[in-house]
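One structure is given here, and the rest of the page talks about it.
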Amino acid sequence: QVQLVESGGGLVQPGGSLRLSCAASGSIRRINVMGWHRQAPGKQRELVALITSGGRTNYADSVKGRFTISRDDAKNTVYLQMNSLRVADTAVYYCNLRIGIANHWGQGTQVTVSS
């Protein structure tokens, strides 16, 4: 089994920064994809960013240049550095780990951007 534990969400003013962390434990293969998705009220869950075990990254257009995804394989942890946050970034952020065809999800962490 795989467990994902997220941390780092909270309330921040527009223009501020937050760093999300997601620690994975359990049966984790070296070759995998880790990522972050988000879901705002009344909207579908959407991809924010992902990073492969080879270090390749992909970002949603709405966060390019503001968010940075990284991973520490020694700690089985993925990070999302979020800068220049906007009100539109308010959502529950979910960590995702994909191993082959299996998708694993964290419980979600709330990010609220408000003045």
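The numbering of the sequence shown is my numbering, which starts it at 1 and goes up by one. Think of the CB as a built atom: it goes at the ideal place given N, C-alpha and C, for glycine as much as any other residue. Just so we're clear, the structure is a prediction, and the values are computed from it rather than from any experiment.
Residue nearest to R30 within the set K75, L18 and T90 is K75 (criterion: CA-CA distance). Minimum Cα-Cα distance from R66 among the listed residues G8, L80, W105 and Y93 corresponds to L80. In the three-state DSSP reduction, A40 falls in the coil class, being neither helix nor strand. Here G26 is not near L50, since their CB atoms are 8 Å or more apart. By DSSP's assignment, G10 forms a beta bridge with V111.
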